[in-house]
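Numbering-wise (the UniProt record's numbering), the sequence shown opens with residue 1 and increments by one.
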Amino acid sequence: MEVSRFFLAVAVIALFVNGCTSTAHHVSDVQSSPNSFGLLPGEHEVISRSDGMHKELSENGVLLAADNELQTYLDTLLFSLLSAEERQANIYHIYLTRLPDFNAFAIANGNIYLNIGLAAGLKSPEQLAFVMAHEIEHINRRHSYKTYYDTKQSLELASTLDILLLGTKLSYLGAYSSLASTSREFELDADTQALARLQRAGYATCLGPSALMRIKEVMPASNNADSTFASHPHIDLRIEELSAYYRTDCSNDKNQKEFKKIRQKIFALAIESMLHSDLPLMAQRTLSYAPDLLPGWKAHQLAALLHFQLAQQPIAAGKEKAAWQGRDFTDEDAAPYQSAVEENSVIAITEAKAALALNPNEAQLYKTLGTVTYYSEPVEAIAAFQNYLALKPKSRDAKYVRYQIEKLMKTKEVL
1 MEVSRFFLAV
11 AVIALFVNGC
21 TSTAHHVSDV
31 QSSPNSFGLL
41 PGEHEVISRS
51 DGMHKELSEN
61 GVLLAADNEL
71 QTYLDTLLFS
81 LLSAEERQAN
91 IYHIYLTRLP
101 DFNAFAIANG
111 NIYLNIGLAA
121 GLKSPEQLAF
131 VMAHEIEHIN
141 RRHSYKTYYD
151 TKQSLELAST
161 LDILLLGTKL
171 SYLGAYSSLA
181 STSREFELDA
191 DTQALARLQR
201 AGYATCLGPS
211 ALMRIKEVMP
221 ASNNADSTFA
231 SHPHIDLRIE
241 ELSAYYRTDC
251 SNDKNQKEFK
261 KIRQKIFALA
271 IESMLHSDLP
281 LMAQRTLSYA
291 PDLLPGWKAH
301 QLAALLHFQL
311 AQQPIAAGKE
321 KAAWQGRDFT
331 DEDAAPYQSA
341 VEENSVIAIT
351 EAKAALALNP
361 NEAQLYKTLG
371 TVTYYSEPVE
381 AIAAFQNYLA
391 LKPKSRDAKY
401 VRYQIEKLMK
411 TKEVL
């Protein structure tokens, strides 16, 4: 199952496996101390459901198994944001998901999840620290708990999906992982408290708000709102609320080298996740902002695949464009991509060949060339696939590649 759709399904499971029986919780003055974690009336149930959700995410491959260096970096950054009391409580954990959306979210058991699209797209450690700090504040202030019991009686199925999730509004509106529907007050509160947390931890607070500006830059539709996310503040409002902390001359390069190394580990995987989720425009924009994070041949390969996808799925690209702009899809949205099908096909082939010129011993590049020439140049596609098999005769997809060669051999262009 595609991870984005699975994520939505898991949210339903996490919420409805056990019905909640308590109906009278007034939590306007919930303590934020981690020492009271799990001790509030009915909180254990919300935490238990969150544990179940995490298990489902793990068992179904939504979570990314980070290597030791990457996980250590994330853990260390999270640890640096916690007070001594919070560290002792040991309830906060950070995970990376395979979801491509520019988003992060937290659940009531103390787990924080960074989507790979967000982790790869942010530009500084301070931006990443701001996102983590924001999610910590959601957890500490029991925003999930409050939302659950304050709104339980009036929720319909669609909005009930939002109860457990504490998502930061960091993605375009069509993304499944932006399920959290916490109130405007909660979001703005988490933003301002996150800055205070950054300051206590010794980070440059003037760089924290730039995380929201980065979201706006990469994901234009985060400026829009519809009924699904009506409780989230407009991204411009959030930026305005934090504007006093932002300065254009603010910089902090001491941790950039290590942060860049971490981004390099996941950047290609993030682009591939976007393409797998049929989000070529997101992939194109993300890649264009940081091509230096990848070896030249890899940047060319990913460019080939995204242009091939644009050529093959112009309507899907139009729908993605409409989603970015927060409106319904029309034929006019797809028109530019439909008229550019041939151009994108040519660009895809050019990029694939450029990748091979830089790294002729990389087997995957021959498969990429075979893929992008499949419909327009079947003879060249066959040769590329054969070169791939010569280098990787026992690969997992060798059988599939041989099948594609057999299909191409029967086309009239080859016969």
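A virtual CB, placed ideally from N, CA and C, is assigned to each residue, including glycine.
Would you mind sorting residue 343 into buried or exposed? The rule is 16 or more other CB atoms within 10 Å of its CB. exposed
Can you give me the C-alpha to C-alpha distance between residue 360 and residue 265, rounded to a whole angstrom? 22 Å
Leaving out five residues before and five after residue 311 in sequence, what residues of the same chain have Cβ atoms less than 7 Å from its Cβ? 341, 344, 345 and 348
Please list, in chain order, all residues of the same chain as residue 283 whose beta carbon is under 6 Å from its beta carbon, the five residues on each side excluded. 271, 274, 275 and 306
Range covered by the alpha helix (DSSP H) that runs through residue 344: 341-358
Buried or exposed for residue 132, please, with buried defined as at least 16 other CB atoms from any protein chain shown within 10 angstroms of its CB. buried
Three or more C-beta pairs below 8 Å linking the stretch 52-63 and the stretch 114-126: no
Below 8 Å, how does it come out for the stretch 314-329 and the stretch 293-305: are there three or more Cβ pairs, yes or no? no
Hey, residue 129 and residue 77 are a contact pair by Cβ (cut 8 Å); roughly how many whole angstroms apart? 6 Å
Compute the Euclidean distance between the alpha carbons of residue 352 and residue 190, then round it to the nearest angstrom. 45 Å
Extent of the continuous beta strand (DSSP E) run through residue 259: Premise fails: residue 259 lies in the alpha helix (DSSP H), 256-276, not in any beta strand (DSSP E).
Residue 68, DSSP secondary structure in three states: helix
For the candidate residues 242, 395 and 338, whose alpha-carbon lies nearest to that of residue 363? 395
Identified DSSP bridge partners for residue 102: According to DSSP, residue 102 bridges with nothing at all.
Starting from residue 111, follow its DSSP beta bridges and name the residues at the other end. 93
How would you write the range of the alpha helix (DSSP H) that residue 281 sits in, first residue to last? 280-289
Can you give, in chain order, each stretch of the alpha helix (DSSP H) that sits fully within the stretch 284-334 and has at least 4 residues? 296-312 and 314-324
Check whether the Cβ of residue 213 lies closer than 6 Å to any heavy atom of the ligand MG, and answer yes or no. Judged by which ligands are present, the structure shown has none, so any question about the ligand MG falls away.
Kindly indicate which three-state DSSP category residue 122 falls into: helix, strand or coil? coil
At the level of alpha carbons, what is the spacing between residue 83 and residue 393? 54 Å
Less than 7 Å separating the beta-carbons of residue 89 and residue 135? no
For residue 63, list the residues DSSP reports as bridge partners. 97
Just to check my reading of the structure: residue 205 and residue 245 have Cβ atoms closer than 8 Å, yes? What is that Cβ distance to the nearest angstrom? 5 Å
Secondary structure of residue 400, DSSP reduced to three states: helix
CB contact flag (residue 384, residue 369, <7 Å): yes
Going by DSSP in three states, residue 458 sits in which element: helix, strand or coil? Residue 458 lies beyond the stretch modelled for the chain, which goes from 1 to 415, so this question has no answer here.
Collapsed DSSP secondary structure at residue 117 in the structure displayed: helix
Applying the 10 Å Cβ sphere with the 16-neighbour rule, what's the burial state of residue 187? buried
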